[in-house]
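Data block below; observations after.
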Amino acid sequence: MKKLLACETQPVTLEGLRSVLNGHAELMLIHSVQSLEEALRWIRSAGADLCLVDKSFGIQAILDWLGEVRRLSRLAETGIVVWGSTVSEPEAIRLLQHGVQGILRKTAPVSSVLACLEAVARGSTWIEESLLRGSMWSRRSGVFGLTPREQQVLALVQQGLKNKEIARELGIRPGTVKIHLKHIFEKTGVRGRYSLALSGLAARVNGRVFALASSGELPRHPTAEARYSKVSTGSD
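Residues are numbered in the working numbering as their position in the sequence shown, beginning at 1, plus a constant of 603.
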C-alpha cells in the first residue's frame, strides 16, 4: 500500500479526493496539509510515497520547494504529482525539468487522476495528454521560423539522438549540428536538450524514448533526464 500525502488548499477538493481513494487497493491518503512547509515537515518526519501538490501555491514556490525536497536524500524517492485548475505547457515542462513525476488538471476524469497516481506510485512519469497537445510545439516551425534543416535536427533530438548520430543521419559534421542547435535554442527560447526532447511529447514524434501512450504514462523522469541533461550544444 502506497502512502499519499495531499498538499491541498481547497477542503471540498480534498474531500472529493478522499472519497475517490477510499478503499483503493494500492493507495492510501494518510494525511493532508495546507502549505508546502507543512508538507516538507510531514515527509521529513513521517515519510510518504507520493505527495499531491496544489498548483495554486504558485509555480515558482513549488519549484523552490522541490529543490528543498531533493536536497534531502531520504525524500528523493517521494513521487511528486502537481495538479491545478489549469496547467499550461510551459508550466508542465518546467515542472518536469525539476523532477515532478505527475501533472494533471483538477478537472480531469477520476479515471485519469487514479491512473496518474498509480503510475507515479509504480515509479513512472504520467502527464495528462491534453496538456502537451495542440500547443506551440505542434506549430513550432511556423511560430519560430525554423529552417527545414533546423526542423530536421529538432526532430532527431526529440528522438533521442546525440550530435554525432544526428550528423551521420543528415550527412553533416557534428560541429554543424551544434550550430543548428544554437539557432534552435535562440529561436524557441528553450534551454537544454531535455526541454527539446520534452517538446516531442506534444508533437508525438518521439517513439523511441518518450512514447506517450493513451494513458499518458512515460518512463520515470530521472532516467530520462540523465540522458538529456548535458550541456545544450556541447553533447556529441
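Here a beta-carbon is modelled for each residue, glycine too, at the ideal position from N, C-alpha and C.
Candidates the options: closest to residue i by CA position
i: residue 730; options: 695, 713, 783; result: 695
i: residue 588; options: 782, 771, 613; result: In the structure displayed, the chain extends from 604 to 839; residue 588 sits before or after that span and is not available.
i: residue 564; options: 727, 686, 718, 693; result: Outside the displayed range of the chain (604 to 839) lies residue 564, so it cannot be described from this structure.
i: residue 691; options: 732, 713, 788, 652; result: 732
i: residue 629; options: 725, 698, 754; result: 725
i: residue 619; options: 713, 772, 779; result: 713
i: residue 605; options: 627, 615, 617, 616; result: 627
i: residue 665; options: 754, 648, 700, 780; result: 700
i: residue 663; options: 796, 693, 617, 793; result: 693
i: residue 652; options: 667, 680, 637; result: 680
Cα-Cα separation, residue i to residue j
i: residue 812; j: residue 762; result: Because the pLDDT at residue 812 is just 27, under 50, the model does not fix this residue reliably, and the point stays unresolved.
i: residue 622; j: residue 631; result: 11 Å
i: residue 806; j: residue 791; result: In this prediction, residue 806 scores a pLDDT of 43, lower than 50, which makes its location untrustworthy; the coordinate-derived value is nonetheless stated afterwards. The alpha-carbon atoms of residue 806 and residue 791 are separated by roughly 15 Å.
i: residue 624; j: residue 759; result: 41 Å
i: residue 635; j: residue 784; result: 44 Å
i: residue 818; j: residue 720; result: For residue 818, the pLDDT reaches just 35, beneath the cut-off of 50, and the residue's location in the model is therefore unreliable, leaving the point undetermined.
i: residue 650; j: residue 705; result: 19 Å
i: residue 740; j: residue 661; result: The pLDDT assigned to residue 740 is 46, lower than 50, so where the model puts this residue is not dependable, and the model offers no usable value.
i: residue 639; j: residue 674; result: 15 Å
i: residue 771; j: residue 789; result: 24 Å
i: residue 774; j: residue 727; result: 36 Å
i: residue 707; j: residue 718; result: 11 Å
i: residue 753; j: residue 697; result: 23 Å
i: residue 647; j: residue 782; result: 45 Å
i: residue 755; j: residue 796; result: 15 Å
i: residue 641; j: residue 615; result: 19 Å
i: residue 617; j: residue 645; result: 17 Å
i: residue 793; j: residue 633; result: 39 Å
i: residue 667; j: residue 637; result: 17 Å
Integer Cβ distance of residue i from residue j, believed to fall under 8 Å
i: residue 757; j: residue 764; result: The Cβ separation is near 11 Å, so there is no contact.
i: residue 723; j: residue 682; result: 4 Å
i: residue 767; j: residue 777; result: 5 Å
i: residue 672; j: residue 643; result: 7 Å
i: residue 547; j: residue 734; result: The requested residue 547 does not occur in the structure, where the chain is confined to residues 604 to 839.
i: residue 787; j: residue 780; result: Actually they are not in contact, since the Cβ atoms of residue 787 and residue 780 sit about 10 Å apart, beyond 8 Å.
Beta-bridge pairing of residue i - partner residues as DSSP gives them
i: residue 606; result: 631
i: residue 687; result: 708
i: residue 654; result: 608, 683
i: residue 636; result: 610
The ligand GDP heavy atom lying under 6 Å from the CB of residue i
i: residue 659; result: The ligand GDP is not among the ligands present in this structure, which contains no ligands whatsoever.
Inset, instruction - Would you check if there are 3 or more beta carbon pairs closer than 8 Å linking the stretch 651–666 to the stretch 608–616? - result: Cβ pair count under 8 Å is three or more, so yes.
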